[in-house]
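Residue numbers (our numbering): 934 to 1077. Ideal placement from N, C-alpha and C gives every residue a C-beta, glycine not left out. Everything numeric in this text was worked out from a predicted model, so none of it was measured. Notes to accompany the following structure.
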């Protein structure tokens, strides 16, 4: 009789404890997942910011800056994630085309000193103005 009563008490206490622990675990895992996506979104946003600073293409740079300047672009949503992913792909494609054009121009330069100088400057270029200047110098060196 005493054992049955103890079992009932333990059972009646364990069910709410299990429910509470499941609830806490669910809440914690949701927060962890949310933080992960917010961090990944922030990284994606930073990639787009860096690429938009480097690309020579005025149109794509304006699109990226326009999207990034909106207040809601700072907040992680599925729509913002998709938009940023598309923007990043456009920027990467444009960046690759620009890189190829600049490298093609540099390859045609006969002077090895000028060629190496421009290659090193291209590696370290952080803004689109620097990249434009390198392309202009490569074009100028080709004409001479």
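Residue 1038 versus residue 977 - alpha carbon distance: As a first step, residue 1038 must be located in the chain shown, where it is residue number 105. As a first step, residue 977 must be located in the chain shown, where it is residue number 44. Approximately 31 angstroms, taken between the alpha carbons.
Through-space distance from residue 1006 to residue 1021, alpha-carbon basis: As a first step, residue 1021 must be located in the chain shown, where it is residue number 88. As a first step, residue 1006 must be located in the chain shown, where it is residue number 73. The alpha-carbon atoms of residue 1021 and residue 1006 are separated by roughly 14 angstroms.
Contact check, residue 1075 vs residue 1042, beta carbons under 8 angstroms: The count along the chain shown starts at 1 and reaches residue 1075 at position 142. The count along the chain shown starts at 1 and reaches residue 1042 at position 109. For residue 1075 and residue 1042, yes; Cβs fall inside 8 angstroms.
Inter-stretch contact at 8 angstroms, needing at least 3 Cβ pairs: the segment 1022-1038 / the segment 956-967: Taking 8 angstroms as the limit for Cβ pairs, the verdict is that the segment 956-967 does not touch the segment 1022-1038.
Rounded separation between residue 1027 and residue 985 - CA only: As a working note, residue 1027 is residue 94 in the chain shown. As a working note, residue 985 is residue 52 in the chain shown. Taking the straight line from one Cα to the other gives about 10 angstroms.
Chain-order list of residues whose beta-carbon lies under 6 angstroms from that of residue 989 (same chain, five-residue window excluded): Position 56 of the chain shown, counting from 1, holds the residue named residue 989. Only 1031, 1061, 1064 and 1065 meet the Cβ criterion.
Sequence-distant residues of the same chain with beta carbon closer than 6 angstroms to residue 981, five excluded per side: In the chain shown, residue 981 corresponds to position 48, counting from 1. Closer than 6 angstroms at Cβ, skipping near neighbours: 997, 1017, 1020 and 1021.
Chain-order list of residues whose beta-carbon lies under 8 angstroms from that of residue 1054 (same chain, five-residue window excluded): As a working mapping, residue 1054 is identified with position 121 in the chain shown. Within the same chain, residue 1054 has close Cβ partners 1063 and 1067.
Classification of residue 1071 by the beta-carbon crowding that lies within 10 angstroms, buried from 16 upward: Taking the chain shown and counting its residues from 1, the one referred to as residue 1071 is at position 138. Its Cβ being crowded by 16 or more others within 10 Å, residue 1071 is buried.
Cβ neighbour criterion (16 or more within 10 Å) applied to residue 1023: Position 90 of the chain shown, counted from the start, is the residue given in the question as residue 1023. So residue 1023 ends up on the buried side.
Cβ pair residue 969, residue 1014 closer than 8 angstroms: For the purposes of this step, residue 969 is taken as residue 36 along the chain shown, with counting starting at 1. For the purposes of this step, residue 1014 is taken as residue 81 along the chain shown, with counting starting at 1. Against a cut-off of 8 angstroms, the Cβ pair of residue 1014 and residue 969 comes out as no contact.
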